[in-house]
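Undergrad:
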Amino acid sequence: MQKKFKIPDEGKRWVMMSIGKKWREFKCMLKKLQYDPHTTYAERIADRDSRVLSNEWEFLVKYWNSESALERSAKNKATRAKQDITHTAGTKSFARVAIKKFSSHHPEVAQKNTSRDDLLVMALGEEKRGNYVRCYGLGAAPSEVFGPNPTRTECLKMLSETKRIAEEEKHVMQKEIIEMRQEMLMMRARLETMEKRSQDLNMIEDRDIPSNPIGTSNPIGNVQNGNNNIPFVEPPSNEIQSSESSFEVPRNQGYRAKVAGNDVHAMLDNGVIFYYLF
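All the letters of the sequence shown, read from the start, carry residue numbers 5 to 282 under our numbering.
1) Taking C-alpha atoms, which residue in 37, 17 and 211 lies nearest to residue 144?
2) Return the chain-ordered ranges of every alpha helix (DSSP H) run that is complete within the stretch 25 to 86 and spans a minimum of 4 residues.
3) Among 164, 77, 68 and 19, which residue has its Cα nearest to the Cα of residue 38?
4) Does the distance from the C-beta atom of residue 65 to that of residue 48 stay below 8 Å?
5) For residue 202, verify whether its CB is less than 7 Å away from any heavy atom of the ligand PLP.
6) What would DSSP say about residue 137, mapped onto helix, strand or coil?
7) Rounded to the nearest angstrom, what separates residue 73 and residue 159 at their Cα positions?
8) Does the Cβ-Cβ distance between residue 34 and residue 53 come in under 8 Å?
9) Leaving out five residues on either side along the sequence, give the residues of the same chain with a beta carbon under 7 Å from the beta carbon of residue 23.
10) Do the CB positions of residue 20 and residue 142 come within less than 8 Å of each other?
11) Leaving out five residues before and five after residue 51 in sequence, what residues of the same chain have Cβ atoms less than 7 Å from its Cβ?
12) For residue 206, which three-state DSSP category applies?
13) Quick check on residue 155: does DSSP put it in helix, strand or coil?
14) Spatial neighbours of residue 61 within its chain, please: CB distance less than 6 Å, with the 5 preceding and 5 following residues excluded, ordered by chain position.
15) Just verifying my parser: in three-state terms, what is the DSSP assignment at residue 11?
16) Helix, strand or coil for residue 198, going by three-state DSSP, please let me know.
17) If I measure Cβ to Cβ from residue 154 and keep anything under 8 Å in the same chain, skipping five residues before and after, which residues do I get?
18) Once you ignore the five residues that flank residue 191 on each side, which residues in its own chain have a CB closer than 7 Å to its CB?
19) Quick check: what's the CA-CA separation for residue 165 versus residue 181?
20) Apart from the five residues on each side of it in sequence, which residues of its chain come closer than 6 Å, Cβ to Cβ, to residue 208?
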C-alpha cells in the first residue's frame, strides 16, 4: 500500500489502522464462507475466492490449520463471549440505546446540564483503562481525547502563564480606561470653548444693534460699509429747480445719489430721511 499511495504523516496512523481493520474483517469473512464449511485441506484449497491470489489463499489455509492459529482462535472466542456490549444494534449503537433507556427511567438526571459522557458513564459504568476510548471511533486513544495528565511542574507552569495573561489584559484595560478619560476631558473642554464663543457672539450682536429706533428724529451718523466710511449727506429739499420750471418731489418718493463712491437710497417717510446701503 505504501508503494502505491502517498499518505500524509498526519493521517498515516489512522489509514494504517483502518486498512488493518478492514483486512481482518475480510479474512474473517473468508474463513467463515470458504474455510469453515469444509473439513479437508483439498476442499478448502479448491474453494478460493476470486479476489484472493492462489498462493495467498494457500498460505491462509495452512495458517488456519496450524496449532498456534487454533489455540489463538479458541482464546479469542472465549474472550469475545465475555463481552457484554456488542458494537451496534441496527442503525443505532448500543450506547445510544442504553442512554435513551437510562434517561427514560431517570428523567431528573436527563433534565440536568449533564454531558453525554456523564450519562454514558452512569449507564455503562466506569470505563476500563486501556489504549482506546469507547464511542469515539477507530484509534481514539485517551491521551488524544482527554489529553495527557499534566505533572505538578506543568500545572504550576500553566498557572503562572494564566496569571501572566490576566495581568497583561488588566494592564491593557487600564490603559484604555485612561485614554477614554483623556478623550472625555478633551471633548468637555471643546464643548466649553464652543459655548463661550457662542456667548461672546451673542454679546457682540446685542452691542452692535443701533440705539436709535426707526421713526426718531435723530439723524443717523456715519455708516461703515467694509473699509469705506460713508459720511452723512444733507437731505435735498423737496423742490427741484430746472432752467424752465420748478416742481416739488412727492413724499415717499425714492431717489438715488452717489455718495463717497457708494449708492445710497434715500427714502422720504413723514419728512424723515433714512439712508441705507443699497
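Where a beta carbon is used, it is the ideal one built from N, C-alpha and C, also for glycine.
TA: So, from the data block:
1) The residue you call residue 144 lines up with position 140 of the sequence shown. Selected option, being the one with the closest Cα: 17.
2) 45 to 50, 58 to 69 and 71 to 86
3) For the purposes of this step, residue 38 is taken as the residue at position 34 of the sequence shown. The shortest Cα separation from residue 38 among 164, 77, 68 and 19 belongs to 68.
4) Counted from its first residue, the sequence shown places residue 65 at position 61. Counted from its first residue, the sequence shown places residue 48 at position 44. Going by C-beta atoms, residue 65 is nearer than 8 Å to residue 48.
5) With respect to small molecules bound, the structure shown includes none, and the ligand PLP cannot be examined in it.
6) Working through the sequence shown from its first residue, we reach residue 137 at position 133. Coil, per DSSP.
7) Position 69 of the sequence shown, counting from 1, holds the residue named residue 73. Position 155 of the sequence shown, counting from 1, holds the residue named residue 159. Taking the straight line joining both Cα atoms gives about 48 Å.
8) The sequence position of residue 34 within the sequence shown is 30, counting from 1. The sequence position of residue 53 within the sequence shown is 49, counting from 1. Taking C-beta atoms as the reference points, residue 34 and residue 53 count as a pair closer than 8 Å.
9) Reading the sequence shown from its first residue, position 19 is the one you call residue 23. Closer than 7 Å at Cβ, skipping near neighbours: 5.
10) For this step, residue 20 is matched to residue 16 along the sequence shown. For this step, residue 142 is matched to residue 138 along the sequence shown. Contact: no.
11) Walking along the sequence shown from the start, residue 51 turns up at place 47. Excluding residues within five positions, the ones whose Cβ falls inside 7 Å are 38 and 42.
12) The residue given as residue 206 occupies position 202 in the sequence shown. If DSSP states are grouped into helix, strand and coil, residue 206 belongs with the helices.
13) What you label residue 155 is simply residue 151 of the sequence shown in a count that begins at 1. Coil.
14) By 1-based counting over the sequence shown, the position of residue 61 is 57. Counting only Cβ-Cβ distances below 6 Å, and skipping sequence neighbours, we find 52.
15) Here residue 11 refers to the residue found at position 7 when the sequence shown is read from its first residue. Of the three classes helix, strand and coil, the one that applies to residue 11 here is coil, per DSSP.
16) Position 194 of the sequence shown holds residue 198. The answer is helix: DSSP assigns residue 198 an H, G or I state.
17) On the sequence shown, position 150 is the one that residue 154 refers to. These residues qualify, in order along the chain: 162.
18) Stepping through the sequence shown from its first residue, residue 191 is reached at position 187. Once the five neighbours on either side are set aside, residue 191 has no close Cβ partner at all.
19) Taking the first residue of the sequence shown as position 1, residue 165 is located at position 161. Taking the first residue of the sequence shown as position 1, residue 181 is located at position 177. One C-alpha to the other measures close to 25 Å.
20) Here the question's residue 208 lines up with position 204 in the sequence shown. Around residue 208: no qualifying Cβ.
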